[in-house]
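Under this note's numbering, think of the first position of the sequence shown as 65, with each following residue one higher. Contents: one structure, followed by commentary.
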Amino acid sequence: MDRSFLDWPFFEQRHRDLADALEAWMQTDAPRIDHHDVDAACRTLVAKLGAAGWLRHSGGESLDIRSLCLIRETLARHDGLADFAFAMQGLGMGAVTLFGTPEQRAWLERTREGTAISAFALTEPGSGSDVARSTTTARRTDDGWVLDGEKTYISNGGIADVYVVFARTGEAPGAKGLSAFLMPADTPGLEVVERIEVIAPHPLAHLRLDGVELSDDALIGDAGAGFKVAMTVLDHFRPTVGAAALGFARRALDEAMARVSERQLFGAPMAELQMVQGHIADMALDVDAAALLIYRAAWAKDRGATRITREAAMAKLYATEAAQKVIDQAVQLFGGDGVRTGTPVESLYREIRALRIYEGASDVQKLVIARAALSDFEAGAR
Ligand code: COS
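Structure (structure tokens):
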């Protein structure tokens with residue numbers, strides 16, 4: 065595949081080395097595992113990614129967003145479930161990496177080694193895009209908190225060892241009354257009530273919290289700061305969702321180019337037809353444009369920007385929407401084989417869809433970008 069993007073000025077030599085080493089690992093040592101039992105597959109993937117040292121990049125003292133993006137892009141190009149397993153260790157522990165106490169960071173040792181699996185429990189049956197409406201409650205007691213409510217579409221739900229969960233602590237209405245908590249999976253009162261099946265299978269569950277007792281030291285960050293904790297975590301991880309989409313798109317483009325180079329149509333390879341070249345041009349353009357937005361956002365954060373809300377939203381929105389189009393065109397170029405169960409482009413077609421929804425749907429990213437643009441304009445106009 066085209067690796068010329070690694071020469072872009074966004075990267076340092078350590079990033080090129082990381083991308084090369086992971087590519088080599090995926091081609092030689094990577095676990096070739098059966099995906100039919102997704103729970104077992106994810107446990108194996110987390111253990112192997114941990115043992116090989118890749119999960120050290122998923123959290124810790126700080127996050128290098130370019131490394132996270134390169135890893136997700138590379139894993140996604142080879143295996144969507146490997147990307148999922150890596151990504152969730154980062155998102156799940158994101159609040160601990162960014163805001164955790166030294167005691168809470170003990171969990172990071174385990175998620176970075178691949179000996180514990182983490183999850184990010186924000187979405188509720190009544191609030192997905194509108195986080196400020198979250199209704200799960202955390203009531204103060206003499207020595208801690210009691211949590212009640214429901215969380216849904218929680219990735220790694222059912223196999224996670226630890227959850228970061230967001231609940232209403234009531235300091236103020238709406239966004240200013242939420243807090244983040246660290247909740248081990250074996251805490252009494254936490255129940256996995258339903259496993260959710262989706263078009264690209266991965267561990268996903270609906271959770272119920274019924275009188276879950278947590279101690280004082282489970283609180284991550286300040287009471288009432290949970291909305292900002294969640295948004296800050298999402299700002300760090302949204303470019304990486306774009307990177308996973310980019311990995312899927314690069315794979316689709318490579319598959320399509322191999323196909324049109326080999327397949328004969330009207331007496332010549334498909335690649336010689338201008339209509340086919342039009343598809344390849346659109347796909348290649350989308351891939352490069354997505355990569356530029358993703359690595360611009362990652363670079364901006366890594367070089368010290370306090371917030372990359374706008375850049376992260378642009379990267380996620382563009383890359384996920386573009387990848388959907390790229391993959392759809394690859395399916396088209398494959399003809400009947402493109403929709404045949406088990407072919408690479410068929411599975412990419414299913415894998416990409418959720419990325420336009422989770423960690424902030426495309427519509428939410430537009431809202432975020434427009435708000436940032438208007439607020440910058442108003443600040444400049446004053
Ligand atoms: N970083 C830090 N602080 C942020 C922030 C960010 N990215 N975004 C908002 N805030 C702050 C705001 O500055 C505001 O604080 P002040 O009142 O002190 O200024 C506060 O948080 C509330 O912000 P806002 O009024 O913009 O919140 P809204 O309720 O209007 O919602 C959206 C904002 C819709 C953008 C937010 O709810 C969102 O991102 N939703 C999608 C959530 C998501 O990704 N869900 C998927 C779950 S994970 S699979």
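Using N, Cα and C, we set each Cβ at its ideal position, and we do this for glycine too. Computed from a prediction, not measured in an experiment: that's the story for all the values here.
**OP:** Report buried or exposed for residue 96, applying the criterion of at least 16 other Cβ atoms within 10 angstroms of its Cβ.
**Re:** Here residue 96 corresponds to residue number 32 of the sequence shown, with the count starting at 1. So residue 96 counts as exposed.
Subject >> Cβ shell of residue 238 (< 7 Å), same chain only, five flanking positions each side left out >> reply: Stepping through the sequence shown from its first residue, residue 238 is reached at position 174. Around residue 238: 196.
Original post:
beta strand (DSSP E) containing residue 275: first to last residue?
Top reply: Translated into the one-based positions of the sequence shown, residue 275 becomes position 211. Unbroken beta strand (DSSP E) run through residue 275: 268-279.
Subject >> Residue-chain proximity (residue 83, chain B), Cβ-Cβ < 8 Å >> reply: Looking at the structure shown, chain B is missing, and only one protein chain is on hand.
Subject >> Host beta strand (DSSP E) of residue 373 (start-end) >> reply: If you number the sequence shown from 1, residue 373 lands on position 309. That residue, residue 373, is in no beta strand (DSSP E); its alpha helix (DSSP H) goes 373-398.
**OP:** Count the other CB atoms, across all protein chains shown, that sit within 10 Å of the CB of residue 125; report buried if there are 16 or more and exposed otherwise.
**Re:** Here residue 125 is taken as the residue at index 61 of the sequence shown, counted from 1. With fewer than 16 other Cβ atoms within 10 Å, it is exposed.
Original post:
Nearest to residue 156 by CA position, among 88, 350, 298 and 343, is which residue?
Top reply: Numbered from 1 along the sequence shown, position 92 holds the residue referred to as residue 156. The shortest Cα separation from residue 156 among 88, 350, 298 and 343 belongs to 298.
Original post:
What are the boundary residues of the alpha helix (DSSP H) that residue 334 is part of?
Top reply: Stepping through the sequence shown from its first residue, residue 334 is reached at position 270. Taken as a continuous stretch (DSSP letters only), residue 334 belongs to no alpha helix (DSSP H), as it is neither H nor E.
Original post:
If you count every other CB in all the chains shown that lies within 10 Å of the CB of residue 388, and 16 or more means buried, which is it?
Top reply: By one-based count along the sequence shown, residue 388 stands at place 324. Under this definition residue 388 is a buried residue.
Original post:
Of the residues 423, 122 and 133, which one's Cα is nearest the Cα of residue 173?
Top reply: Here the question's residue 173 lines up with position 109 in the sequence shown. Distance from the Cα of residue 173 is smallest, within the candidate group 423, 122 and 133, for 122.
Original post:
Helix, strand or coil for residue 329 per DSSP?
Top reply: Within the sequence shown, the letter at position 265 stands for residue 329. Residue 329: strand per DSSP, three-state reduction.
**OP:** Return helix, strand or coil for residue 248, following the three-state DSSP convention.
**Re:** On the sequence shown, position 184 is the one that residue 248 refers to. DSSP places residue 248 within a strand segment (E or B) once states are collapsed to three.
**OP:** Sort 268, 244 and 373 by Cα distance to residue 224 and report the nearest one.
**Re:** For the purposes of this step, residue 224 is taken as the residue at position 160 of the sequence shown. Considering only alpha carbons, the answer is 268.
Original post:
Should residue 182 be counted as a contact of the ligand COS given a C-beta to heavy atom distance under 7 Å?
Top reply: As a first step, residue 182 is located in the sequence shown; it is residue number 118 there, counting from the start. In terms of side-chain proximity, the C-beta atom of residue 182 is found no nearer than 7 Å to any non-hydrogen atom of the ligand COS.
Original post:
Hey, would you say the C-beta of residue 296 is under 7 Å away from at least one heavy atom of the ligand COS?
Top reply: Indexing the sequence shown from 1 puts residue 296 at position 232. Because some heavy atom of the ligand COS lies under 7 Å away, the Cβ of residue 296 counts as near it: yes.
Original post:
Looking at residue 199 and residue 221, is the spacing between their C-beta atoms short of 8 Å?
Top reply: Position 157 of the sequence shown holds residue 221. Position 135 of the sequence shown holds residue 199. No, these two residues do not count as a Cβ contact at 8 Å.
Original post:
Roughly how many angstroms separate the alpha carbons of residue 257 and residue 240, rounded to a whole number?
Top reply: Locating residue 257 in the sequence shown gives position 193, where the first residue counts as 1. Locating residue 240 in the sequence shown gives position 176, where the first residue counts as 1. Residue 257 and residue 240: Cα-Cα distance of roughly 29 Å.
Subject >> Enclosing beta strand (DSSP E) for residue 171 [first to last residue] >> reply: Taking the first residue of the sequence shown as position 1, residue 171 is located at position 107. Per DSSP, residue 171 belongs to no beta strand (DSSP E); it is in the alpha helix (DSSP H), 170-177.
Original post:
Hey, residue 348 and residue 416: beta-carbon distance below 8 Å or not?
Top reply: As a position in the sequence shown, residue 348 is number 284, starting the count at 1. As a position in the sequence shown, residue 416 is number 352, starting the count at 1. Cβ atoms of residue 348 and residue 416: not closer than 8 Å.
Original post:
Near residue 146, which residues of its chain fall below 6 Å by C-beta distance, leaving aside the five closest residues on each side in sequence?
Top reply: Within the sequence shown, residue 146 is the residue found at index 82, counting from 1. The residues are 109 and 139.
Original post:
Which stretch, first to last residue, makes up the alpha helix (DSSP H) that contains residue 89?
Top reply: For the purposes of this step, residue 89 is taken as the residue at position 25 of the sequence shown. Residue 89 -> alpha helix (DSSP H) spans 77-92.
Subject >> Counted within 10 angstroms of its Cβ, other Cβ atoms place residue 434 as buried (16 or more) or exposed >> reply: As a first step, residue 434 is located in the sequence shown; it is residue number 370 there, counting from the start. Exposed, since its Cβ has fewer than 16 Cβ neighbours within 10 Å.
Subject >> Boundaries of the beta strand (DSSP E) in which residue 213 is found, first to last residue >> reply: Your numbering for residue 213 matches position 149 in the sequence shown. Looking at the DSSP string, the run of the beta strand (DSSP E) that includes residue 213 is 208-219.
**OP:** Sort out for me which residues DSSP pairs residue 181 with in a bridge.
**Re:** The sequence position of residue 181 within the sequence shown is 117, counting from 1. None, per the DSSP bridge assignment.
Original post:
Taking C-alpha atoms, which residue in 100, 235, 254 and 332 lies nearest to residue 227?
Top reply: The residue you call residue 227 lines up with position 163 of the sequence shown. Checking every option, the nearest Cα to that of residue 227 belongs to 254.
Subject >> Local conformation of residue 205 per DSSP, three classes >> reply: As a first step, residue 205 must be located in the sequence shown, where it is residue number 141. When DSSP states are grouped into helix, strand and coil, residue 205 belongs to the coil group.
**OP:** Return the first residue and the last residue of the alpha helix (DSSP H) that residue 227 is part of.
**Re:** Taking the first residue of the sequence shown as 1, we reach residue 227 at position 163. No alpha helix (DSSP H) holds residue 227; the beta strand (DSSP E) holding it covers 226-232.
Subject >> Beta-carbon gap between residue 294 and residue 235 smaller than 8 Å >> reply: The sequence position of residue 294 within the sequence shown is 230, counting from 1. The sequence position of residue 235 within the sequence shown is 171, counting from 1. Their beta carbons are not under 8 Å apart, which means residue 294 does not touch residue 235 by this criterion.
Original post:
Between the C-alpha atoms of residue 283 and residue 243, what's the straight-line distance to the nearest angstrom?
Top reply: For the purposes of this step, residue 283 is identified with residue 219 of the sequence shown, where counting begins at 1. For the purposes of this step, residue 243 is identified with residue 179 of the sequence shown, where counting begins at 1. For residue 283 and residue 243, the distance between alpha carbons rounds to 7 Å.
Original post:
By Cβ distance below 6 Å, which residues in the same chain neighbour residue 420 in space, the five residues on each side in sequence not counted?
Top reply: The residue given as residue 420 occupies position 356 in the sequence shown. Same-chain partners within the cutoff: 384 and 426.
Original post:
Which class does residue 127 belong to by DSSP, given the choice of helix, strand or coil?
Top reply: On the sequence shown, position 63 is the one that residue 127 refers to. Coil at residue 127, not helix or strand.
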